[in-house]
Each structure stands twice: as C-alpha cells, then as structure tokens.
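First comes the structure, then the notes that go with it.
Residue numbers (this note's numbering): 1 to 266.
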C-alpha cells in the first residue's frame, strides 16, 4: 500500500439534546475546516444516559464515521438489537463475547484502511476483561486480515488517568491515535508519544459547559449532597463540540501522528 496522509477528528461524549444539536449545527463546518477524512464521536450519553437508535442515526447523518461508547451504552435495552446490525456503532471490546454489538470495525475510506477500536478501563469501573490483552488480540487479528492495519484509532473509555496513560504507552507505535473518554472534562495533555501515537487523556464532551459534565447542575448538586441518584437531565444552553484533530502520515505501511490539536468549538 502506498504511503498516504489522513486527518482524524475524535469528539468527546455527546451529552443530551444540546450535544446532538451542537453536532448537527457544527460538525459539517469542522470537517470542512480541518479537511477531516475520518470522524469518531462517543455517543453513550446522547440519551442521558445511554443512546437510542434515533440518536445514533442523527449522529451518523452529521458526518460521523464511527460511534464509540462505554459503560452507559447498555442502559437503553431497546438499543441493543440495533448494535447487532449497525457495525458503525461500537461498544467496548473487552466486554464478554456474548454481549450485544462489537468492539471494533474496519472501514476503508479514501484508499485508507481505518481500524476503530473501543475499549473500557477497569480501575474504579466494572472489572471486565483486561484491555491490554484485548488490544493485543485485536491488533494481531487485524494484521492477519489486512497484512497490517494502516490506521488504528482507539477510544479508551476509562476513569483512571494512570490507566489511560498506561494503555496509551502500551499501544504506542501500534495505534495511530489513542484518545480517552468518560470524564467529560477535556484535558490539556495532548501529545505525540515516542513511537508516533497521538494521545490525550480525555476528549471532553459535546455538551453544555455551564452545567456539571454537561448535566443540569442543580440535579448534580442534589445528588452529591444527598447521595440520592436522582434522574439526570442535560444542562440547558448552547453546547460546544470538544475533541482533537490529528494529522497522520503513512510510513512503512502504517500511519503515525504528525500533529495533534485540541479544540473546543461552538
């Protein structure tokens, strides 16, 4: 395969109807501004919490190529059959094999093979299968099918920054982009790791910044003070789109990062 370049956009968790509207309003312009070839967005909170088939269709219609998720993807049980049929919607690959959906997808677009991978952490979260071992298996399996994956994109949905950085360095040189989600708070540690993988500890969110992680602040305060799990709803207001743009170049049959830019755009 000849050397190529690619531009990747990865977007943080879409939070509720304001996040969906921001995506519909702003993503086409972001794709044009950056000249993006491939776009991922985490959709597990688009229905506060969880995701519906209608939400997924809206997200894909905006120009998103792959929807990633995390621990909340299971909360709308009526959505699970859709995950079995729509390969562009991922759940973390390190859940048991009998769980609905899939954790990876291979997409060929513009002459480039993209392998999108969704994984979930275990520190301070449900102790599911080991994300390190599952990443090894996914990468080895993709190599067997394609000769070598050209562009590997990982959304690691995790709580612990230590675990995020550990798996990021573990995947360095194999993943082209390794971005993390779950906290909804965009981190300022975007960097290119020593072997060429673009990394950030959290993409942030596509949601309303005046709330608490995109949620209604009064409800979140009541939950924190009373220790009662009141039902959440999204904050009101204009949402931002947060994420990263990564520019990649192809060398020796794989793609490595040339630059990574963090953005927060209305």
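Glycine included, each C-beta is placed from N, C-alpha and C at the ideal position. The structure presented is a predicted model; accordingly, all values stated were derived computationally and were not measured.
*asked:* Please classify residue 130 as buried or exposed, where buried requires at least 16 other C-beta atoms within 10 Å of its C-beta.
replied: exposed
*Around the C-beta of residue 174, are 16 or more other C-beta atoms found within 10 angstroms, so that it is buried, or is it exposed?*
buried
*If you compare alpha carbons, which of 237, 91 and 30 is closest to residue 265?*
30
_Let me make sure I understand the geometry here. Which of 101, 102 and 116 has the alpha-carbon closest to that of residue 108?_
116
*Compare the Cα-Cα distances from residue 211 to each of 5, 18, 10 and 9 and report the closest residue.*
18
*asked:* Considering only DSSP beta bridges, list what residue 255 is partnered with.
replied: 250
*Three-state secondary structure (DSSP) of residue 12*: coil
_Residues in the same chain with beta-carbon distance under 7 Å from residue 248, minus the five sequence neighbours each way, listed in chain order, please._
5, 6, 8, 151, 176, 255, 256, 257 and 258
*Coil, strand or helix - residue 52 by DSSP*: coil
*Figure out for me which residue from 62, 120, 51 and 84 has the closest Cα to the Cα of residue 22.*
62
*asked:* My output table needs one value for residue 262: the three-state DSSP class, helix, strand or coil.
replied: strand
*Any contact of the region 201-217 with the region 73-81, i.e. 3+ C-beta pairs under 8 Å?*
no
*Counting only runs of 4+ residues fully inside the region 25-92, write out the alpha helix (DSSP H) ranges in chain order.*
53-61 and 80-85
_Quick check: what's the CA-CA separation for residue 24 versus residue 57?_
11 Å
_For residue 13 and residue 240, the rounded distance between their alpha carbons_ = 11 Å
*Cβ-based burial, residue 104 [other Cβ within 10 Å; buried from 16]*: buried
*Between the C-alpha atoms of residue 243 and residue 10, what's the straight-line distance to the nearest angstrom?*
5 Å
*Using the Cα positions of residue 47 and residue 233, report the straight-line distance between them to the nearest angstrom.*
9 Å
_When you compare the CB positions of residue 67 and residue 50, do they come within less than 7 Å of one another, or not?_
no
*Since I believe residue 167 is in contact with residue 132 (beta carbons under 8 Å), could you give me their beta-carbon distance rounded to a whole number of angstroms?*
6 Å
*CA-to-CA distance, residue 119 to residue 181, given in whole angstroms*: 10 Å
*Return the residue from the list 86, 203, 143 and 64 that minimises the CA-CA distance to residue 156.*
203
*asked:* I'd like the list of long-range same chain contacts for residue 34, defined as Cβ closer than 7 Å, with 5 residues on each side in sequence excluded.
replied: 7, 9 and 245
_From 217, 121 and 172, residue whose alpha carbon lies closest to that of residue 196_ = 172
_Reference residue 85; option with closest CA among 71, 102, 94 and 97_ = 102
*Of the residues 192, 95, 138 and 114, which one's Cα is nearest the Cα of residue 122?*
95
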